[in-house]
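Asker: Below is a structure I'd like to ask you about.
Protein chains in written order, with the working numbering: chain A, 19 to 127; chain B, 324 to 441.
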């Protein structure tokens, strides 16, 4: 079955330090990967997706099919990056997303 | 753009009663809507996928007679929790996708509904 694994439930880094939120997926076909973010008291929203190959709020994520990973990275963390981050997988032919367990990122001042 | 409204945001009901939650796409026509359930400190669990004018597709283990989903228009889907019990207390979230090719497969989420069954 398709699965998304985010190994870190909690991640805490200092402001200005690099951040990497890990995401691994299990799917033998051609995946479409997303990162969604939920800031405090806000709804879940799209941060970025691999097909766009863009940087959003300084975050990037590269799909590595060999390692079946889609890690989210930012070189210099900011306090406003503190949020819950979810990695999600869409498989071919299906409309639904499979979500990882989420990582709560805390940026310390 | 692509705003999804969910109502109510919080509902308390007595055990045995039914509760209806609405999910509306305000500025786009939602080809597909999704209903999730989220337990405290856990991830989103997909309950069902709903396409306008057709029956919802429920995930394994989700009781379709318990969680009735209606998607009567391209802007409205409803989730009715029938004969609610305390174990149905949870946070229910809807999302929607739009047919715009550039936004394909992006889900836009509602703010969620907290259901408390006494």
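Idealized CB from N, CA, C, for every residue including glycine.
All values reported here derive from a predicted model rather than from experimental measurement.
Skipping 5 residues on each side, what residues in its chain have a beta carbon closer than 8 Å to that of residue 26 of chain A?
Answerer: The answer, listed in chain order, is 39, 40, 121.
Asker: Listed in chain order, which residues of the segment 115-127 of chain A have Cβ atoms closer than 7 Å to some Cβ of chain B?
Answerer: Answer set for the segment 115-127 of chain A: 115, 117, 118, 119, 120.
Asker: Please state whether DSSP places residue 382 of chain B in a helix, a strand or coil.
Answerer: Coil.
Asker: I want to see whether chain A comes within less than 8 Å of residue 308 of chain B, judged by CB atoms only; does it?
Answerer: In the structure displayed, chain B extends from 324 to 441; residue 308 of chain B sits before or after that span and is not available.
Asker: How is residue 101 of chain A classed by DSSP in three states: helix, strand or coil?
Answerer: Three-state result, residue 101 of chain A: strand.
Asker: Within 10 angstroms of its Cβ, does residue 22 of chain A collect 16 or more other Cβ (buried), or is it exposed?
Answerer: By the 10 Å Cβ count, residue 22 of chain A comes out buried.
Asker: Just checking: is the beta-carbon of residue 132 of chain A within a distance shorter than 8 Å of some beta-carbon in chain B?
Answerer: Only positions 19 to 127 of chain A appear in the structure, and residue 132 of chain A is not among them; the question remains open.
Asker: From residue 333 of chain B to residue 416 of chain B, what distance separates their C-alpha atoms?
Answerer: Roughly 12 Å between the two C-alpha positions.
Asker: Between residue 440 of chain B and residue 336 of chain B, is the Cβ-Cβ spacing less than 8 Å?
Answerer: Result yes, Cβ atoms of residue 440 of chain B and residue 336 of chain B sit closer than 8 Å.
Asker: If you draw a straight line from the alpha carbon of residue 19 of chain A to that of residue 327 of chain B, how long is it in whole angstroms?
Answerer: Their Cα atoms are separated by approximately 30 Å.
Asker: Please say whether residue 88 of chain A and residue 45 of chain A have beta carbons closer to each other than 8 Å?
Answerer: Result no, Cβ atoms of residue 45 of chain A and residue 88 of chain A do not sit closer than 8 Å.
Asker: Nearest by alpha-carbon distance to residue 382 of chain B: which of A:80, A:61, A:116, A:54 is it?
Answerer: Closest option to residue 382 of chain B, Cα to Cα, is A:116.
Asker: Using the beta-carbon of each residue, which ones in chain A are nearer than 7 Å to residue 430 of chain B?
Answerer: Within 7 Å Cβ-Cβ: 115.
Asker: Give a yes or no on whether the C-beta atoms belonging to residue 62 of chain A and residue 53 of chain A are separated by under 8 Å.
Answerer: Their beta carbons are not under 8 Å apart, which means residue 62 of chain A does not touch residue 53 of chain A by this criterion.
Asker: Have a look at B:368, B:331, B:325 and flag the residue whose alpha-carbon is nearest the alpha-carbon of residue 353 of chain B.
Answerer: Measuring from the Cα of residue 353 of chain B, the nearest candidate turns out to be B:325.
Asker: At a CB-CB cut-off below 7 Å, which residues of chain B make contact with residue 108 of chain A?
Answerer: Neighbours of residue 108 of chain A on chain B, chain order: 428.
Asker: Name the residue from A:73, A:91, A:48, A:112 whose alpha carbon lies nearest to the alpha carbon of residue 123 of chain A.
Answerer: That would be A:91, whose Cα lies nearest to the Cα of residue 123 of chain A.
Asker: Let me check one thing: in DSSP terms, what residues is residue 42 of chain A bridge-paired to?
Answerer: Answer is A:23, A:87, bridged to residue 42 of chain A.
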